[in-house]
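Top to bottom, those sequences are chains A and B. Numbering (full-length UniProt numbering) for the first sequence: 1 to 524. Numbering (full-length UniProt numbering) for the second sequence: 1 to 198.
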Amino acid sequence: MASSKSEEDVDDKGENDEGKHPEGNLLNFEPEVPVESMLVPTDNFDSFEQEAPPDPATLQDDDNLVECQKIARNTSDENTEDPDKNGTSRSMSELSLVSVESSEPQQVDDEVSNNSEWRSQEKHIFILSSAGKPIYSRHGSEDKLVTLFGVMQALVSFIGDDGDTVRSIHAQGTLFVFLIKGPIILACVCKTRESVSQITVQLNYVYSQIVSVLTLEQLTRIYEQRRNYDLRRLLAGAERLVDHLLIALETQPALLLGAVQCLPLASTTRDTITSTIVSCCNKIKNLVFAILVGGNQLVTLIRMKKFFLHPADLHLILNLVNSSESFKAAESWTPICLPKFNSRGFLHAHVSYLAEDCQACLLLLTVDPDLFFPLSEAKQKIVEKLRRASLLQSINAALAHPGTPVSQLGVPEARHFLYKCKATAQFWGPVPAPPYQSSEGAKRLLDQYRVLHHRLHAPSQPLKLLYLQDHAETMLGWITTGFELYVAFEPLVTKANAISAVNKILRWIKKDENGLFITNAPTF
Amino acid sequence: MSGADFKVVLLGSEDVGKTSLMKRYIQDRFQCRPHQNTIGAAFASRTISTRGRQFVMGIWDTAGSERYYAMSQLYYRDAKAAIVCFDLTELVTFDRAKQWITELRNHEEDCKIYLCGTKKDVVDDGIKAPALSHEKALQYAKGIGAVYMETSSKTGLNVGELFQLIADECVLPSIHNRDDSIKLRPSPNKNNACCLAS
Ligand SMILES: Nc1nc2c(ncn2[C@@H]2O[C@H](COP(=O)(O)OP(=O)(O)OP(=O)(O)O)[C@@H](O)[C@H]2O)c(=O)[nH]1
Ligand SMILES: [Mg+2]
Chain A
1 MASSKSEEDV DDKGENDEGK HPEGNLLNFE PEVPVESMLV PTDNFDSFEQ EAPPDPATLQ
61 DDDNLVECQK IARNTSDENT EDPDKNGTSR SMSELSLVSV ESSEPQQVDD EVSNNSEWRS
121 QEKHIFILSS AGKPIYSRHG SEDKLVTLFG VMQALVSFIG DDGDTVRSIH AQGTLFVFLI
181 KGPIILACVC KTRESVSQIT VQLNYVYSQI VSVLTLEQLT RIYEQRRNYD LRRLLAGAER
241 LVDHLLIALE TQPALLLGAV QCLPLASTTR DTITSTIVSC CNKIKNLVFA ILVGGNQLVT
301 LIRMKKFFLH PADLHLILNL VNSSESFKAA ESWTPICLPK FNSRGFLHAH VSYLAEDCQA
361 CLLLLTVDPD LFFPLSEAKQ KIVEKLRRAS LLQSINAALA HPGTPVSQLG VPEARHFLYK
421 CKATAQFWGP VPAPPYQSSE GAKRLLDQYR VLHHRLHAPS QPLKLLYLQD HAETMLGWIT
481 TGFELYVAFE PLVTKANAIS AVNKILRWIK KDENGLFITN APTF
Chain B
1 MSGADFKVVL LGSEDVGKTS LMKRYIQDRF QCRPHQNTIG AAFASRTIST RGRQFVMGIW
61 DTAGSERYYA MSQLYYRDAK AAIVCFDLTE LVTFDRAKQW ITELRNHEED CKIYLCGTKK
121 DVVDDGIKAP ALSHEKALQY AKGIGAVYME TSSKTGLNVG ELFQLIADEC VLPSIHNRDD
181 SIKLRPSPNK NNACCLAS
C-alpha cells in the first residue's frame, strides 16, 4: 500500500466536490447507439448479476456478517487503512486463531508462508475445493501451502455451519475476500485499493475460467462422485490461463469496465472483412460465432441470429488466445465452454491464425463436433479472399499502429481517459503517455480508475459524476445512460478546463466513432 | 469430409513430445523452448508417397492433459493409425500408453498401433536413465501386435521412418479399394456453394 494518507486526501476532496456537479455545463449528446449490439450490453456489475455482494459497509447490522466481523479483531472499513502495522502477519495469525476455534491444524507451512517474498506479495489468489484440497495459488506452489488451504477451508465451513457465508474480512490494511461456488472456494488476500465488489468480480472471472475449461456439468459431477478429488489433475496446463487472466485483471482496464477494445479500422474496411467471413461461412450450419481478434482487440464478430456473446465470455476467449502460443503453430480444434453462453456444455472452436504474415486469430465456434474440415476449408477461403482484397495488409497496418496518444487529440489538459460505450460493451482509450508509460505509472493509473469506478458504481450509493483531486492527478468520472467516461487530468486542472476537456473528448470520440467501435451487429 | 486421404492420431500423456514429433515431421524443426501444452487438438497434413503414389496424410496431434480425455474419441475416430507415445524416461507415461492402447483396441479395432518411445536423445546422451528397457517395451508391443519405435524429435532420429512405415503399412490396402472415391472426394459442391455466395 503506497500511502493511505493520499487516499484519505482523495476521499476528503472528493466528498467536497461531489456536491457541485458540473453536469449542466457538459455537452449532453450521446454517441449513436446501434439498435442491436453484437455483444450483450453491460452495466458493470450487472454482468455478474447478484454475484457481487453488497458493500459490507452498508451491512453492518446484518446478522450474517456479525460472525465474520467477530473474527477479524480489528474490523475496519475498506477505506480506513493502517499501513503502519504489519497487515499480513497479523491477518495470517488471525486466520490461525479461527482455526484453533474450529480445532483444525493451525500450523501454516513455514517454508513458503514465512518466505518474505511470498509475504510481500500485494495480492494472493487461492482456489481450493470445499474439502480443503488445494487447486491453485497465484504465488508459491499450492503443494507447499496445504495447511493454509486447510485453514481457509476451516474458516469457510466454520462460518457456513450456521448457514452464513463469509464474504470478506477487513483487517488492518489487508482485505480477505471469499467467493464460494458450489464445490469450489476462491479466496483473495490483498493489500491493494480494490473494493470487495471489484475483487468479487475478479474471483468470478477466475471461476469462469475454470468452468470454461471443464464446464459446470463436469465440475459438479466430479465432486459429486468424489468430494476429495484433486482437481489439479484435470486443470493441468490450465493454471497458465488463470495466471494470465489474473495479470490481465491487474493490468488491463477491459475487465474492470466489462468491455472490449476494438482494433481501430476504417468502417468500410471492417465491413468488408466481416462480409468476407459471412460469405465464406453462411452455408455452414451450426456455426454460432465467428470471431476475429488481433493484439488483444476485436476485429470483428459475427453471430448466429438468435445468439449473443457476453463480453465476459469474450474476455475468456481473448485470454485463451493470448496465453496459448500453441495456436500459432497449427490449426486447432478445441472444446471451450463459454459460461455466460452455456455453462453446461462445450462449444467446439476451430482456432487458427490467419497467416504467417498476418497475426490475427480467427475463431469459429460451433456446436457440431464434426465440423472441423468444413470450417478449415472456410478459413482458407476467408484468408484467400482477404489477401486478394489487400485486407490482410489493412489488418497488419492496424496491428502495427502504436496507438493514438492523447496529445494527438487536442485535449492538452487530459493525460489519459477511458471511454466506454455501454450499449455495445466496447471501450477505447489512448495509448498511455508519460507519466503512465512505465509499468508503475500504468499500474497507478489503473488503480486510480479502479477507485473512481468503484465509487461511481458503489452498490450502496451509485454516482453519476465524480471529481477527485489528488496530489498526483485529478480524476473525473461521468456515467450517463449511453456511456461511461473516466479521465485523468493534471492535478491542478481547473474545473472549467476539465469540463471543456471532457467536451472535447466526447466530440473527438463522436467524430471517430465508426473506426473505434463496431457499431453494427453482423449475423450469419 | 476428412481433409486427407488417411488419418493418423498422436496419443499419449502430457509432455511426452507428441507436438514435437509432429512438428519435426511436418516442418523438420524442433524447438526446445518451455513446454506449450496443446489445447484440444491440432491438425496438420503432409503429402507422403508410398510405392510411387502420393497421399495426403492428415495428422491429429491431441492434448495429453486428462481433461480432454472425454473428448478423445472425437479425435481418434476412424484413424488408420495411432502413434501412442511415451517418454522413454518416465515410467508413468508408459503405463498411460498401455491404457490408450487398450482403449483403442476396444473402440477402434481397425486402427494400427505404433508404440513410440520418445526423447531417445535424452537417454543416448546419458542425461536421464531410461525408465524401462528396450526389450521390455518391444516385448509388450509384439505381444499386442504393434510396431515399436524409439524416436528423437530433437535429432530427428526415426521420425521420418515412423511416418513412412505408417504410410507403407496403412495406406495401400484400404486406399486401393477406394481409388475412385478418392479422386471424387474433394467435394466440389461445397466449394462452389461458398464461392457463389460471395
Ligand atoms: N530432448 C528432447 N526433448 C523433447 C523431445 N520431444 C519433445 N521434447 C520436449 O518435451 C517437452 C514437451 O514436448 P511437447 O511436444 O510439447 O509434448 P506434448 O506431448 O505435445 O504435450 P501435450 O501437448 O501437453 O500433450 C518440450 O519441452 C519439448 O521440447 C525430444 O525428442 N528430445
Ligand atoms: Mg502437444
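Note that beta-carbon positions come from the ideal geometry of N, C-alpha and C, so glycine has one too. Predicted model, so just to flag it, every value in this text is computed and none were measured.
### Task
Indicate, with yes or no, if ligand 2 has a heavy atom lying under 7 Å from the CB of threonine 19/B.
yes
### Query
Under 7 Å Cβ-Cβ, which residues of chain A neighbour leucine 74/B?
Listed along chain A, the residues sitting closer than 7 Å to leucine 74/B by beta-carbon distance are Pro369.
### Task
Taking C-beta pairs closer than 7 Å, name the residues in chain B that glycine 258/A reaches, listed in chain order.
Within 7 Å Cβ-Cβ: nothing; glycine 258/A doesn't reach chain B, min ~25 Å.
### Partner residues on chain A for residue 200/B, Cβ-Cβ distance less than 9 Å
Because chain B in this structure spans residues 1 to 198, residue 200/B falls outside the shown range and cannot be described.
### Message
Strictly under 8 Å for the Cβ-Cβ distance: is asparagine 37/B near chain A by that measure?
### Response
yes
#### Entry: Under 9 Å from the C-beta of glycine 3/B: neighbouring residues of chain A
Phe372, Phe373, Ser376 and Glu377
#### Entry: Cβ shell of proline 462/A (< 7 Å), same chain only, five flanking positions each side left out
Leu456
### Query
Exposed or buried, which one is lysine 128/B when buried takes at least 16 other CB atoms within 10 Å?
So lysine 128/B ends up on the exposed side.
### Query
Thinking just about the alpha-carbon of each residue, which of Asn286/A, Pro41/A and His401/A is nearest to the one in lysine 364/A?
Here residue 364/A is leucine; the residue named in the question, lysine, does not match the sequence. Comparing Cα-Cα distances from leucine 364/A to each of Asn286/A, Pro41/A and His401/A, the minimum goes to Asn286/A.
### Task
Using 7 Å as the cut-off, classify the Cβ of methionine 520/A as near or not near the heavy atoms of ligand 1, replying yes or no.
The sequence as given places asparagine at residue 520/A; methionine does not occur at that position. Answer for asparagine 520/A: no, Cβ out of range of ligand 1.
### Query
What residues in the stretch 43-58 of chain B bring their beta carbon closer than 7 Å to a beta carbon of chain A?
Phe43 and Ala44
#### Entry: Which of helix, strand or coil DSSP assigns to leucine 354/A
strand
### 6 Å Cβ shell around asparagine 514/A - same chain, five flanking residues per side excluded
Ser267
### Query
Which whole-angstrom value describes the C-beta separation of valine 293/A and cysteine 361/A, a residue pair presumed to lie in contact below a C-beta threshold of 8 Å?
Indeed they touch by this definition, with Cβ atoms about 5 Å apart.
### Completely contained beta strand (DSSP E) runs for the UniProt domain "FUZ/MON1/HPS1 first Longin" (123-245) of chain A, where each covers 3 or more residues
123-129, 134-137, 168-171, 174-181 and 184-190
### Query
What's the gap between the Cα of isoleucine 317/A and the Cα of methionine 71/B?
20 Å
### aspartate 470/A beta carbon near ligand 2 (any heavy atom closer than 7 Å)
no
### Message
Please report the distance separating the alpha-carbon of alanine 498/A from that of methionine 475/A.
### Response
9 Å
### Message
With three or more C-beta pairs closer than 8 Å as the rule, is the stretch 112-119 of chain B touching the stretch 141-152 of chain B?
### Response
yes
### Query
Counting only beta-carbon atoms, is serine 17/B nearer than 8 Å to chain A?
According to the sequence shown, residue 17/B is glycine rather than serine. Not an interface residue.
#### Entry: Beta-bridge partners of tryptophan 428/A, as assigned by DSSP
Tyr419/A
### Query
How close, in whole Å, do the beta carbons of alanine 41/B and serine 37/A come, if the pair is a contact with beta carbons under 8 Å?
33 Å between Cβ atoms; not a contact.
### Query
Should lysine 154/B be counted as a contact of ligand 1 given a C-beta to heavy atom distance under 7 Å?
yes
### Beta-carbon contacts of leucine 128/A that lie in its chain and below 7 Å, excluding the five residues immediately before and after
Pro134, Ile135, Phe149, Met152, Gln153 and Ile185
### Query
Quick one: what does DSSP say histidine 454/A is sitting in, helix, strand or coil?
helix
#### Entry: Three-state secondary structure assigned by DSSP to aspartate 121/B
helix
### Task
Determine the extent of the alpha helix (DSSP H) in which aspartate 313/A is found, giving its start and end residues.
Aspartate 313/A -> alpha helix (DSSP H) spans 311-322.
### Query
Does alanine 41/B come within less than 8 Å of chain A when only Cβ atoms are used?
yes
### Query
Where does leucine 371/A fall in DSSP's three states?
coil
### Query
Cα separation between leucine 506/A and leucine 255/A?
Rounded to the nearest angstrom, the two C-alpha atoms are 22 Å apart.
### Query
To which residues of the same chain is isoleucine 26/B closer than 6 Å at the C-beta, ignoring the five residues directly before and after it?
Ala44 and Arg46
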